[in-house]
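As structure tokens, this is what we get:
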């Protein structure tokens with residue numbers, strides 16, 4: 001081995017070290033990314049879960065945990081109070097058709113689940129980089145169509161079950177059957193839109209998206225339910 | 001520079017390269033961890049979001065997305081149908097006290113938000129390692145207490161708002177006021193228990209915990225609401 005080849009080996013090794021150093025930096029950078037975004041896991045319910053909160057969580061007293069969260073809970077409760085106002089304003093409809101009220105918690109829960117699925121997939125795809133803000137229109141359109149389809153499939157199942165097994169009247173079954181696709185579409189569309197809106201406003205979608213979607217879906221789904229009921233009852237010649 | 005020192009420099013460089021290689025492996029390993037756990041983001045709504053799903057999400061057609069999810073949605077919808085059965089079985093109560101129905105979507109949404117906050121914090125703490133399965137009892141007990149407190153705080157606010165601003169009757173306001181702490185406690189306790197149960201059964205809590213909690217809270221919260229109403233109406237000498 002001559003001095004010259006030895007020094008060229010040295011050069012190669014040094015280059016290799018620099019390459020590896022760059023890779024380590026890149027990996028460390030990548031590690032920071034997901035660690036931050038995993039802070040808002042299961043975001044439904046909100047509240048900013050900082051790294052410090054997570055580190056102290058086990059040892060902080062229950063009232064600290066509770067008081068930290070009660071503000072966000074209050075904000076979401078205030079937005080949920082619109083559902084009580086809507087129910088109140090359709091008092092006469094509910095009194096005449098008490099069966100309508102049976103499906104209110106079912107529809108609220110189902111809307112939340114449908115929108116939650118969309119948000120879950122979208123936040124993961126955004127954090128993995130396979131979806132970017134420029135894809136917003138495509139994603140929202142696709143999710144809306146996916147919502148129509150799953151709502152129709154489940155509506156076809158729920159309708160007969162309510163009519164045959166629960167003995168629900170034909171006209172309320174019709175309302176339920178028609179509300180399912182509408183609700184699924186609204187929930188999936190909102191679930192696809194809200195994360196992008198959060199990003200545009202510089203907010204963390206993993207904290208805000210799910211509870212904001214739930215509140216909006218509950219309010220708009222309930223309104224849609226009563227509007228559809230109004231039209232269906234008219235068709236059947238019933239009093240609304 | 002003698003041949004000997006050159007070869008010792010070579011040795012050092014080679015050692016350095018091996019060290020860096022080990023660090024790169026370690027970092028890659030760490031990257032895999034959080035990447036997996038971030039798959040179930042905002043889990044509400046469930047459905048197993050695999051890495052492959054995320055990679056293909058943008059380009060798969062809407063019906064593929066929809067059909068992948070509709071199974072889980074159907075399972076959660078089936079469990080939500082218990083809420084319709086409960087509402088149906090309290091038909092006479094609802095007919096006599098239609099005001100009770102106004103707060104059903106509000107309570108369902110609030111229960112989901114409270115339990116969702118607990119699950120969000122707990123999943124992050126579990127994934128960060130600051131909470132471990134052996135801490136289950138401590139966490140569940142603490143969350144239950146935190147739930148009582150936030151339910152009492154918000155009940156004190158919601159009661160007067162319903163009574164003064166919405167003109168709700170005194171006895172239904174009392175029911176609402178008493179249901180809030182119960183609901184918050186049940187939601188926070190379930191939100192703290194379900195992730196540990198998932199781990200014990202070898203299931204991924206980030207996918208199942210939130211929608212399972214929502215369904216259980218909706219059903220048990222609704223039952224609790226009617227049981228409290230029963231007792232309160234008896235106290236006021238009203239027909240149930």
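Residue numbers (UniProt numbering), protein chains in the order written: chain U, 1 to 240; chain H, 1 to 240.
Beta carbons: idealized from backbone N, C-alpha and C, even for Gly.
Below-8 Å beta-carbon distance, residue i vs any chain H residue
i: residue 57/U; result: yes
i: residue 102/U; result: yes
i: residue 160/U; result: no
i: residue 164/U; result: no
i: residue 24/U; result: yes
i: residue 109/U; result: yes
i: residue 8/U; result: no
i: residue 182/U; result: no
i: residue 189/U; result: no
i: residue 140/U; result: no
i: residue 223/U; result: no
Proximal chain U residues relative to residue i, where beta-carbon distance stays under 7 Å
i: residue 66/H; result: 146, 149 and 150
i: residue 135/H; result: 58
i: residue 81/H; result: 106
i: residue 16/H; result: 17
Chain U contact for residue i (CB, 8 Å cutoff)
i: residue 186/H; result: no
i: residue 229/H; result: no
i: residue 204/H; result: no
i: residue 214/H; result: yes
i: residue 245/H; result: Chain H is shown from 1 up to 240; residue 245/H falls before or after that span and cannot be answered.
i: residue 179/H; result: no
i: residue 70/H; result: yes
i: residue 199/H; result: no
Three-way DSSP call (helix, strand, coil) for residue i in this model
i: residue 167/U; result: coil
i: residue 135/H; result: helix
i: residue 60/H; result: coil
i: residue 98/H; result: coil
i: residue 214/H; result: helix
i: residue 129/H; result: coil
i: residue 224/H; result: helix
i: residue 237/H; result: coil
i: residue 203/U; result: coil
i: residue 90/U; result: coil
i: residue 76/H; result: helix
i: residue 177/H; result: helix
i: residue 141/H; result: helix
i: residue 196/U; result: helix
i: residue 103/U; result: coil
i: residue 46/U; result: For residue 46/U, the pLDDT reaches just 46, beneath the cut-off of 50, and the residue's location in the model is therefore unreliable, leaving the point undetermined.
i: residue 37/H; result: With a pLDDT of only 37 at residue 37/H, under 50, the local geometry of the prediction cannot be trusted, and the value read off the model is given with reservation. Correct three-state label for residue 37/H: helix.
Within 8 Å, strictly: CB atoms of residue i and residue j
i: residue 201/H; j: residue 133/H; result: no
i: residue 232/U; j: residue 174/U; result: yes
i: residue 256/H; j: residue 128/U; result: It is not possible to answer for residue 256/H, since the shown part of chain H is limited to 1 through 240.
i: residue 104/U; j: residue 211/H; result: no
i: residue 140/H; j: residue 209/H; result: no
i: residue 131/U; j: residue 137/U; result: no
i: residue 80/H; j: residue 179/H; result: no
i: residue 77/H; j: residue 154/U; result: yes
i: residue 109/U; j: residue 214/H; result: yes
i: residue 147/U; j: residue 114/U; result: yes
i: residue 100/H; j: residue 172/H; result: yes
i: residue 20/U; j: residue 75/H; result: no
i: residue 85/U; j: residue 223/U; result: no
i: residue 111/U; j: residue 204/U; result: no
i: residue 27/H; j: residue 24/U; result: yes
Under 7 Å by beta carbon: chain H residues contacting residue i
i: residue 91/U; result: 98
i: residue 76/U; result: 113
i: residue 130/U; result: 54, 55, 57 and 58
Per-residue contacts from residue i into chain U (C-beta, under 9 Å)
i: residue 63/H; result: 145, 146 and 149
Where residue i meets chain H, residues with beta-carbon distance less than 8 Å
i: residue 237/U; result: Going along chain H, no residue has its Cβ under 8 Å from residue 237/U, so there is no contact; the nearest lies around 23 Å.
i: residue 211/U; result: 113 and 116
i: residue 21/U; result: 20
Interface residues of chain U facing residue i [CB-CB closer than 8 Å]
i: residue 171/H; result: Within chain U, no residue comes near residue 171/H; the closest Cβ sits about 16 Å away, beyond 8 Å.
Cross-chain neighbours of residue i in chain H, by beta carbon under 9 Å
i: residue 193/U; result: Those do not exist, as residue 193/U stays about 14 Å from chain H at its closest Cβ, beyond 9 Å.
i: residue 220/U; result: Per Cβ cutoff of 9 Å: no residues; residue 220/U is ~12 Å from chain H at best.
i: residue 208/U; result: Chain H residues near residue 208/U: none, gap ~10 Å exceeds 9 Å.
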